[in-house]
Every structure is written in C-alpha cells, then in structure tokens.
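Quick note on the working numbering: the sequence shown kicks off at 247 and runs consecutively.
We put the beta carbon where it would ideally sit given N, CA and C, even for glycine.
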Amino acid sequence: MKKILVIKHDKIGDFVLTWPALYLLRKAMPEATIDVFVAPVVKSFAEACPYVDNTIIDSKDDADIAEQITKQNYDAVIVLLSEFRIYKILSKSNIPYKLVPKHNWYQYLYKHRASNEYLNSEGCWRGACMLVEHFLTHHGYAIPKLPDRFWDMSDRKEYWQQHYQKLTNEKLIFIHPGTGGSSGCVPVEKLVQLMINVDKLTQSPCHFILTFNGSELELAKEIQTLLANTSIKISLAKPLDRLIDFSESLVAADMFIAGSTGPLHIAGLHNVPTVGFYAGRRSTPHIRWGTLSEPSKRFAYTPPVGKRTGRNMALINFDQVSNEITDFLNKQS
C-alpha cells in the first residue's frame, strides 16, 4: 500500500473531524502518499493538513473526477462519505481495494465494508477512525496512539497573539456569536452577561475577541456596542483574507466560545479549550459534535431536551457556565 485516496467531500467542520483518522494513516504508513477528495470550500484547509499530500477537488464533473482518480493508480480508497454517486465514479477506476462504511444499500456493491457506528459516549470523529483502523488491521499495520493536539502551530502562537494584540498575563478569549444552524442562537443579552461575569470572575485581565463571518458582523457590532460603557476589553477580529489564516490564528486563543460547530472544531485542532452551546436533543449533539480538544478542555452546554425547549439557548444556566469556565481559566498558568 503506497498510495491511498480518502474521500470526504462535505463541510469544513466535517473535514476537520477526519483529521484523527488521517493522523492514524500518516503515523502508521509514513512512506505512503495520502490524497483526499474534498469540496472546493475545504481546498486550502485540506492542503494545510499535515497528514495530506495532495487534494482532488469535487468539481461536480464526475467524468473528469473519475479520469483524475484513474490516472493516479491508487492502491486503496477509503470512502468516509459514501454516496451512490461516489460508487459510480470509483467503478470507473482500477483501484484494487475499496473500503466503505456499512450503511446504505450500495455498500453491497463493494467487496470491503466496515462498521463506523461509534458509541453514544463518543464523538462522531470516531466513525472515520473506525474505518481507518479496519483498513490498517486488514493490512497488518499497528494502530497508533492519537496525539493530544492534531495541528501543532505552537511556533506561530506568538505571532498570532501579537496579531490580536494580546498583552502579558492577559487571557485572550474568542467568542463567535453566530451559529451554523444546527443549534439556536445564544441570545445577545446572555452572551453579554456571560462576558461581564467572566471578566469579573477571572483573576487575569481578559481580552475578548469577537469573530464573525459575513452577515454576523452586525451581531458582533451589537455586542460591542452593548459593552461600550463598561471597562471590558473587547475587539472585533481583524479580517483575514483566507480561511486557513483564520484557522491557524486560533492557536492564539486561551479559550474559544461558540454555538457554531465549524469554528469550534477548528479551535479543537489546536487543543484550545472550547465552550460549545448545543441544541438539547435526545441524539446528544453536545457529545456527537464535541471538539477534538482533550476532554478536560471541552465544555458543552445544552438547554433542556424537548421540541419547545431544545433550541432555546436562553434556558441554559449561564451562571453555571460562567463559574465553570472561569474556574478553569483561573487554574491555567
């Protein structure tokens, strides 16, 4: 096995959660070439992944994609996002070993299948790892131990702290007030009160950085205005030209707070402490969509489970949130 293709062509947050699986491949097979098939929005992010050699972009031109894949003479393909469309593309290739997850009827069109049903107590990133672990075991490779941090940007941390104008002994706390849509928005007044409480209870000076995307700028400005007459230090994030620059810059954070899973997952790659607000559902999204930060650095909060309550973020006990995260911050050097 010298050349492997991994297929995961969906959102940025979903691709982030494949990094543990890609790490396992790279660590177990350091001499192999590992390519990924990704959506256009993920291109720069995939190229920055330390476990990836090359990318193939989903142009939606299936004939061209099939031709590109065939020319690469892959020894194996691991399909992390399985669709009938992908089966049709791969059926035109000469790849000897094709591994897919055991779901959907077209799994039976493949010779090699494996379960990616992770436990209810595990994050959904485990599903991709299960497929890769099956692949490695099948081919006689030992399964490596996962690291505490998947993206080591420690040599760039000081640079990004200077970018965000962090002062000595200051806690740089990023807050992303928007939401990707899977949860309800945290009310502005609740975020404002949370920031006031954290600033008051945290022993070190706090500098809050509001991050935003597109139309979320107005929301960030509203929060800044509401805190204008306080002593709280708050800044709007300086615009960065590329997503990959923003993603790298999160290494500067002492904590990242959001209700949007995409930015939370990116922060988790750096093992930054994350505070996530998730919908209250029986499917436990706060566990399924937990970040890749180590467990002691993950904080997840939900309103009561229910159709009427599950998306009402105002029902979260924000006093409890304030106390728990400031207690954590006060214990950090």
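Sort Met441, Thr530 and Ala474 by Cα distance to phenylalanine 502 and report the nearest one. Selected option, being the one with the closest Cα: Met441.
Of all the CB atoms in chain D, is at least one closer than 8 angstroms to the CB of alanine 360? The structure shown contains no chain D, having only a single protein chain.
Sort out for me which residues DSSP pairs valine 438 with in a bridge. DSSP output for valine 438 lists no bridge partner at all.
Going by the beta-carbon positions, is the gap between histidine 453 and leucine 482 smaller than 8 angstroms? At least 8 angstroms separates the beta-carbon of histidine 453 from that of leucine 482.
What is the DSSP secondary structure of tyrosine 547, counted as helix, strand or coil? The answer is strand: DSSP assigns tyrosine 547 an E or B state.
Coarse secondary structure for aspartate 501, derived from DSSP in three states: Reading off the sequence shown, one finds methionine at residue 501, where the question assumed aspartate. Three-state result, methionine 501: strand.
Who are the Cβ neighbours of glycine 552 in its own chain at under 8 angstroms, not counting the five residues just before and after it? Sequence-distant Cβ neighbours of glycine 552 in its own chain, meaning closer than 8 angstroms and more than five residues away, are Gly526.
Continuous beta strand (DSSP E) assignments of at least 3 residues falling wholly in the stretch 318 to 393: DSSP runs (the beta strand (DSSP E)) wholly in the stretch 318 to 393: 322 to 325, 343 to 347 and 358 to 360.
Coil, strand or helix - isoleucine 469 by DSSP: Isoleucine 469 falls in the helix class under three-state DSSP.
For glutamate 540, tell me which candidate among Gly556, Phe291, His511 and Tyr547 has the shortest Cα-Cα distance. Ranking Gly556, Phe291, His511 and Tyr547 by Cα distance to glutamate 540 puts His511 first.
Backbone secondary structure at threonine 457 - three-state DSSP: Under the three-state reduction of DSSP output, threonine 457 falls in the coil class, being neither helix nor strand.
Taking 8 angstroms as the cut-off, does the stretch 330 to 343 touch the stretch 492 to 502 (at least 3 CB pairs, one atom from each stretch)? No, they do not touch.
How many Å lie between isoleucine 562 and glutamine 439 at the Cα? Cα to Cα, the separation comes out at about 13 angstroms.
Compute the Euclidean distance between the alpha carbons of valine 434 and proline 347, then round it to the nearest angstrom. In a straight line, the C-alpha of valine 434 is about 41 angstroms away from that of proline 347.
According to the Cβ coordinates, are serine 506 and histidine 422 closer than 8 angstroms? For serine 506 and histidine 422, yes; Cβs fall inside 8 angstroms.
In whole angstroms, give me the CA-to-CA distance for lysine 391 and lysine 254. Between the alpha carbons of lysine 391 and lysine 254 lies a gap of roughly 22 angstroms.
Hey, how far is the Cα of glutamate 570 from the Cα of asparagine 576? Distance between the alpha carbons of glutamate 570 and asparagine 576 is about 10 angstroms.
Glycine 508 to leucine 336, Cα distance in whole Å? Cα to Cα, the separation comes out at about 29 angstroms.
Given methionine 399 as reference, the closest of Ala388, Ile490, Ala285 and Ala278 once Cα atoms are compared: Just measuring C-alpha positions, the residue of Ala388, Ile490, Ala285 and Ala278 sitting nearest methionine 399 is Ile490.
For the beta strand (DSSP E) that lysine 289 lies in, which residues bound it at each end? That residue, lysine 289, is in no beta strand (DSSP E); its alpha helix (DSSP H) goes 289 to 294.
Using the Cβ count rule (16 or more neighbours within 10 Å means buried), how would you classify serine 579? Exposed: under 16 other Cβ atoms inside 10 Å.
Proximal residues to proline 393 (C-beta, below 8 angstroms), its chain only, five neighbours per side dropped: Within the same chain, Cβ atoms closer than 8 angstroms to the Cβ of proline 393 are found at Tyr269, the five residues on either side in sequence being excluded.
Using a Cβ-Cβ cutoff of less than 7 angstroms, which residues in the same chain neighbour leucine 327 once the five nearest sequence positions on both sides are dropped? Only Ile253, Lys254, His255 and Asp256 meet the Cβ criterion.
Might you give, ordered along the chain, the residues of its own chain that have their beta carbon closer than 7 angstroms to the beta carbon of phenylalanine 396, omitting 5 neighbours on each side? Counting only Cβ-Cβ distances below 7 angstroms, and skipping sequence neighbours, we find Trp265, Pro266, Tyr269, Leu515 and Leu538.
What residue range does the alpha helix (DSSP H) around leucine 575 cover? Element bounds for leucine 575: 564 to 577.
Cα-Cα, which of Glu313, Ile341 and Leu271 is closest to proline 296? Distances from the CA of proline 296 to each of Glu313, Ile341 and Leu271 were compared; the closest alpha carbon is that of Leu271.
Identify the continuous alpha helix (DSSP H) that holds threonine 507 and give its terminal residues. Looking at the DSSP string, the run of the alpha helix (DSSP H) that includes threonine 507 is 507 to 515.
Beta-bridge partners of lysine 249, as assigned by DSSP: Residue pairing for lysine 249: DSSP places it in a beta bridge opposite Thr279.
Alpha carbon of asparagine 415 to alpha carbon of serine 568, nearest angstrom: Cα to Cα, asparagine 415 sits roughly 20 angstroms from serine 568.
Which residues mark the beginning and the end of the alpha helix (DSSP H) in which phenylalanine 523 is found? Counting along the chain, phenylalanine 523 falls outside any alpha helix (DSSP H), though it belongs to the beta strand (DSSP E) covering 520 to 523.
Looking at the structure shown, is valine 298 part of a helix, part of a strand, or coil, going by DSSP? DSSP places valine 298 in coil when its eight states are reduced to three.
I need the straight-line Cα distance from serine 450 to leucine 413, nearest angstrom please. Their Cα atoms are separated by approximately 11 angstroms.
With respect to the beta strand (DSSP E) encompassing serine 481, which residues constitute its N-terminal and C-terminal limits? Taken as a continuous stretch (DSSP letters only), the beta strand (DSSP E) holding serine 481 covers 479 to 482.
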